[in-house]
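Following: one structure in structure tokens, then a few remarks.
Numbering (my numbering), first residue to last: 16 to 619.
Here you go:
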């Protein structure tokens with residue numbers, strides 16, 4: 016612990032003054048040897064080709080940022096004025112740095128990191144003039160580049176948004192925190208260990224390359240610390256139904272009585288269902304069972320090429336509708352409640368519109384967790400979706416029959432590069448540390464394949480054409496109209512969501528024809544949802560419908576802590592009287608195997 020508090024000036028190499036140079040020399044030889052092997056691996060493999068790869072996105076970035084650059088070059092007077100503003104900031108930084116070098120105290124910085132920017136939290140970023148200079152120079156340049164891009168005239172809003180997205184990728188990459196000689200923590204570690212940290216880091220990079228396929232997957236957690244069915248997804252239950260696409264889990268009751276109407280949970284198939292059943296103290300499913308609900312959960316298959324032609328409609332029929340059939344048969348109830356998370360919620364909403372058209376009323380209420388039905392404001396994910404990119408993606412999926420989960424993981428990481436990419440590069444490869452065990456990041460690494468037909472339909476029909484919100488989408492020959500969905504809705508969105516932006520979900524909530532309870536949580540797409548009451552973290556806001564999100568926020572009531580109890584109270588009123596607890600083994604459906612089942616254990 017003391018080593019962490021040392022400044023760069025105080026850091027000393029391990030070993031005697033004489034022997035440390037020998038250790039350093041040996042480590043440099045090891046580093047060169049490891050680096051040569053890594054370079055050989057990179058040269059040999061076709062690493063990073065195809066859609067969503069570094070090469071593909073670099074090409075897109077060059078094209079989009081080139082359009083912005085051309086606009087500024089065409090008006091040299093404006094460009095010169097903008098450059099002059101940056102040079103003024105540099106001059107001010109240089110002047111204040113000289114004053115500080117000469118011993119003047121209380122020299123205020125020209126610019127400081129935004130609150131929550133953890134890249135520069137080490138004290139040496141401010142206490143040591145060398146690192147402070149590079150930090151401020153970087154922040155000034157980043158601010159200038161972002162402002163310049165926002166002020167670009169002559170390009171449409173979509174191009175400007177894409178340019179800002181790719182600029183953020185570049186700025187995140189060029190931060191001085193990502194380089195060995197301009198990161199004080201890395202410099203300290205290198206001096207203290209005679210570069211052993213860099214040797215270990217190169218070994219970690221070699222290991223990650225060995226474990227990766229087409230794309231480099233940076234280790235974000237210690238994968239050996241967790242096992243599905245052992246310390247993750249351990250809520251007791253039975254698989255009571257399965258087909259090619261799903262296993263249906265019925266969880267064992269933990270109360271003597273349960274509500275009469277059961278609950279069916281539809282998780283996203285882009286990742287595995289146990290995001291809602293992590294370690295027991297974080298498990299939403301375990302908590303819901305403890306509130307007296309009979310809980311069923313869909314566990315999607317991890318598909319291979321044999322299921323390449325499974326469509327979005329198949330996921331509706333063999334997924335949700337098959338599960339509804341099974342739950343009603345198992346419990347003897349004519350109506351059930353449902354909950355959908357992320358893309359599982361998008362499928363659930365589509366299914367509800369289909370059922371409304373067919374006058375199928377077996378789902379009596381629905382909760383949506385960070386789920387979009389209108390994609391007009393779908394955020395940075397729209398950057399990856401235009402005709403050219405979709406065609407390229409569809410061609411690749413046609414060859415394999417599916418989209419490898421690593422590519423979707425790369426996309427999600429790119430939405431938050433400062434949090435999900437570069438901290439792990441610094442920790443693993445520069446500091447030479449092993450990733451910290453974290454259940455959520457284990458789940459994030461346990462990604463799934465996506466069938467070609469289903470995923471192509473989802474991206475094109477929902478994200479690109481936004482047909483569900485327009486009433487133009489057809490499933491099973493039925494035109495889907497969300498206004499015909501008149502059952503009670505619990506609509507949850509998160510304040511800092513980078514996948515299902517708050518305004519996107521808010522806009523979509525207006526499309527339903529029945530009563531909607533709107534609830535917004537603090538934090539983002541995962542942490543805002545997986546927020547058990549015992550943690551006493553974040554907050555949530557609840558309110559009645561309004562014309563805009565800003566107007567809704569003005570009137571919404573804020574409550575500290577988890578949203579889970581609010582949802583449970585809402586659902587309890589829609590779940591009928593209490594009855595003796597149901598045992599999965601006592602129902603008409605035969606128990607196939609214990610939860611969490613075999614589908615969820617299939618890894619890439």
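Where a beta carbon is used, it is the ideal one built from N, C-alpha and C, also for glycine.
Beta-carbon spacing of residue 323, residue 188 below 8 Å:
no
- Message: My output table needs one value for residue 44: the three-state DSSP class, helix, strand or coil.
- Response: helix
Original post:
Which of helix, strand or coil does DSSP assign to residue 608?
Top reply: strand
ask   = To the nearest angstrom, how far is it from the Cα of residue 219 to the Cα of residue 449?
value = 8 Å
*asked:* Per the DSSP calculation, residue 355 is bridged to which residue(s)?
replied: 281, 383
### Query
Is it true that the CB of residue 265 sits closer than 8 Å to the CB of residue 311?
yes
Do the stretch 256-263 and the stretch 563-576 make contact, defined as three or more Cβ pairs closer than 8 Å? no
Rounded to whole angstroms, what is the Cα-Cα separation between residue 141 and residue 413? 52 Å
Handout entry: Check whether residue 252 and residue 273 have beta carbons under 8 Å apart
Key = no
- Cβ of residue 184 within 8 Å of Cβ of residue 423? no
| Could you give the distance in angstroms between the alpha-carbon of residue 155 and the alpha-carbon of residue 486? | 47 Å
* To do: Taking residue 508 as part of the beta strand (DSSP E), name the residues at either end of that continuous run.
  => 504-509
**Q.** N-terminal and C-terminal residue of the beta strand (DSSP E) that residue 324 is part of
**A.** Per DSSP, residue 324 belongs to no beta strand (DSSP E) and is neither H nor E.
If you check the beta carbons only, do residue 294 and residue 445 fall under 8 Å apart?
-> no
- Throw me the rounded Cβ distance for the residue 148 and residue 112 pair, which I believe falls under 8 Å. 5 Å
* Asked: What is the DSSP secondary structure of residue 555, counted as helix, strand or coil?
  -> strand
May I ask which residues mark the beginning and end of the beta strand (DSSP E) holding residue 161? Note, residue 161: premise wrong, no beta strand (DSSP E); alpha helix (DSSP H) at 144-165.
Beta-carbon proximity check, residue 382 vs residue 354, cutoff 8 Å: yes
Inset, instruction - Would you please state the rounded distance, in angstroms, between the beta carbons of residue 339 and residue 611? I believe it to be under 8 Å. - result: Between residue 611 and residue 339 the Cβ distance is about 21 Å, and since that is not below 8 Å, they are no contact.
So, at 7 Å on beta carbons, what are the nonlocal neighbours of residue 394 in its own chain, with the 5 sequence-adjacent residues on each side left out?
513, 516, 519
Q. Given 8 Å as the limit, is there contact between the stretch 347-366 and the stretch 464-483, that is, 3 or more CB pairs closer than that?
A. yes
Based on Cα-Cα distance, which residue from 342, 241, 248, 215 lies nearest to residue 276?
342
Beta-bridge pairing of residue 593 - partner residues as DSSP gives them | 274
Next on the checklist: Looking at the strands, I want to know which residues DSSP matches up with residue 417.
Outcome noted: 466
Q: Report yes if the CB atom of residue 599 is closer than 8 Å to the CB atom of residue 267, and no otherwise.
A: yes
**Message:** So, under 8 Å CB-CB, residue 376 and residue 345 are touching, yes? Tell me the CB distance rounded to an integer number of Å.
**Reply:** With 8 Å as the limit, residue 376 and residue 345 do not qualify as a contact, their Cβ atoms being about 19 Å apart.
Three-state secondary structure (DSSP) of residue 255:
strand
Measuring CA to CA, which of 558, 594, 527, 607 is closest to residue 3? Any question about residue 3 goes unanswered here, given that the chain covers just 16 to 619.
TODO: Give the single residue among 131, 143, 129, 94 whose Cα lies nearest to the Cα of residue 116.
DONE: 143
key: Sequence-distant residues of the same chain with beta carbon closer than 6 Å to residue 614, five excluded per side   = 262, 314, 316
As assigned by DSSP and simplified to three states, the class of residue 265: strand
For this session: Can you give me the Cβ contacts of residue 616 inside the same chain, cut-off strictly under 6 Å, excluding the 5 residues immediately before and after it?
Result: 243
* **Opposing strand residues paired with residue 532 [DSSP bridges]** => 505
**Message:** Out of 436, 101, 392, which one is the CA nearest neighbour of residue 134?
**Reply:** 436
*Is the beta carbon of residue 369 sitting closer than 8 Å to the one on residue 528?*
no
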